[in-house]
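Numbering (the working numbering), first residue to last: 2 to 342.
Structure below.
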């Protein structure tokens, strides 16, 4: 826990200083792009980010009578997600949708915490609009020079298994010697080490080649919508639902400040509408991806109740004490109560 906290405290301070310095060099009002205010993210048009963006743009057009225009950039044409996030923090871009980044604030790792929710009703209760977690994320992002327009649902996660190796289902027995890629942050490494896997921290950009060559046998923290990216090398997807992946729709404070009161009201109302739409439709998106995975010839597996219970216990014993050290016993106790744990 001490190792985790020390690692990110310095990074957080540096990030805050950098953002402050860069923001100071920007004009007080962020100018609109030639064709409107920019909303940019890295996901393709079959992702829920795109559908949410379309709902937002349509609603904002309706509310403003066409006077507030959005220049929409999906697919990462303005950079990778961390770069776009930094630009929004600095006030150079108005809005984006992105994932948690604990290098900006270590408390954001709570977005990766295991078994806070394990079905869609509980995910909505824990992370949905007006929830305790939604308010916590808003507080965190407020300190990063952005406003949280909405906590968006993407999906639950599991792990993929390449062709040519056995699928580990009974954990930790089957996990021994199975080389699994995890993102390079402490909780991910600690989780899969405790589950008995041979952990390989690795950049996402290297995963496909590593699966092809056998450098890794699988990839952890995989939501269904990312499975088909590796379809040519995959045998199975084990849908553990061990983590729920909330994502964050953030807006530059300096951009919002440059809007009129009426324009800000329209933006927030349209964002609330689109966020609510996302939560109403996310489960349908999830099932659609699972159907596509199976249609591609990749087996979708789920743990039986006994296996799932043992897996859950291991994950919670490793991760929850870490987050308690960051957020305090009171918040974690409230979170357990909300999650029914």
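Ideal Cβ placement from N, Cα and C applies to all residues, glycine included.
Query	Result
Is the region 139-156 touching the region 200-213, taking contact as three or more C-beta pairs under 8 Å?	no
Taking buried to mean at least 16 other C-beta atoms within 10 Å of its own C-beta, is residue 122 buried or exposed?	exposed
How would you call residue 205, buried or exposed, if buried means at least 16 neighbouring beta carbons within 10 angstroms?	exposed
Is the beta carbon of residue 248 sitting closer than 9 Å to the one on residue 101?	yes
Using only the alpha-carbon positions, how far apart do residue 227 and residue 69 sit?	33 Å
Using three-state DSSP, classify residue 111 as helix, strand or coil.	helix
Going by the CB atoms, is the gap between residue 75 and residue 107 shorter than 9 Å?	no
Taking the alpha-carbon of residue 280 as reference, which of 82, 173 and 156 has the nearest alpha-carbon?	156
For my contact list, residue 387 and residue 190 are in at a C-beta cut-off of 8 Å; report their separation, rounded to the angstrom.	Not covered by the structure: residue 387. The range shown for the chain is 2 to 342.
Assuming residue 236 and residue 182 are in contact, meaning their beta carbons sit under 8 Å apart, how far apart are those beta carbons, in whole angstroms?	About 15 Å separates the two Cβ atoms, so there is no contact after all.
Using a threshold of 9 Å, state whether the C-beta atoms of residue 319 and residue 254 are closer than that.	no
Going by C-alpha to C-alpha distance, which of 111, 50, 308 and 159 sits closest to residue 276?	50
For residue 334, count neighbouring Cβ atoms within 10 angstroms of its own Cβ and tell me buried if that reaches 16, exposed if not.	exposed
Here's the rule: buried if 16 or more other CB atoms are within 10 angstroms of the residue's CB, otherwise exposed. What is residue 28?	The predicted model places residue 28 with a pLDDT of 38, which falls under 50 and marks its position as unreliable, so this point remains unresolved.
Can you give me the start and stop residues for the beta strand (DSSP E) that residue 238 sits inside?	235-239
Go ahead and label residue 202 buried or exposed: buried means 16 or more other beta carbons lie within 10 angstroms of its beta carbon, across all protein chains shown.	exposed
Could you check what DSSP says for residue 151 in three-state terms: helix, strand or coil?	strand
Using DSSP with H/G/I as helix, E/B as strand and the rest coil, what is residue 168?	coil
For the beta strand (DSSP E) holding residue 287, just list the boundary residues, first then last.	Careful: residue 287 lies outside any beta strand (DSSP E), inside the alpha helix (DSSP H) at 262-296.
Which residues in the same chain have their Cβ closer than 8 Å to the Cβ of residue 230, if we skip the five residues on either side of it in sequence?	209
Taking DSSP as the reference, what is the three-state secondary structure of residue 303?	coil
For the candidate residues 40, 127 and 179, whose alpha-carbon lies nearest to that of residue 61?	40
In angstroms with no decimal places, state the Cα-to-Cα distance between residue 113 and residue 244.	6 Å
Residue 60 lies in the alpha helix (DSSP H); which residues open and close that run?	49-65
State buried or exposed for residue 307, treating a residue as buried only when at least 16 other CB atoms are found within 10 Å of its CB.	exposed
Out of 269, 234 and 259, point me to the one whose CA is closest to residue 251's CA.	269
Do residue 58 and the ligand HEM come close, with the Cβ less than 8 Å from some heavy atom?	No copy of the ligand HEM appears in this structure; indeed no ligand is present at all.
Let me know the secondary structure DSSP gives residue 244 once reduced to three states.	strand
Between which two residues does the alpha helix (DSSP H) containing residue 138 stretch?	133-143
Tell me whether the beta-carbon of residue 179 lies closer than 9 Å to the beta-carbon of residue 161.	no
Helix, strand or coil for residue 85, going by three-state DSSP, please let me know.	helix
Figure out for me which residue from 187, 95, 65 and 103 has the closest Cα to the Cα of residue 73.	95
I'd like the span of the alpha helix (DSSP H) that includes residue 188, first residue to last.	187-195
Use the C-beta contact count for residue 232: other C-beta atoms within 10 angstroms, 16 or more gives buried, fewer gives exposed.	exposed
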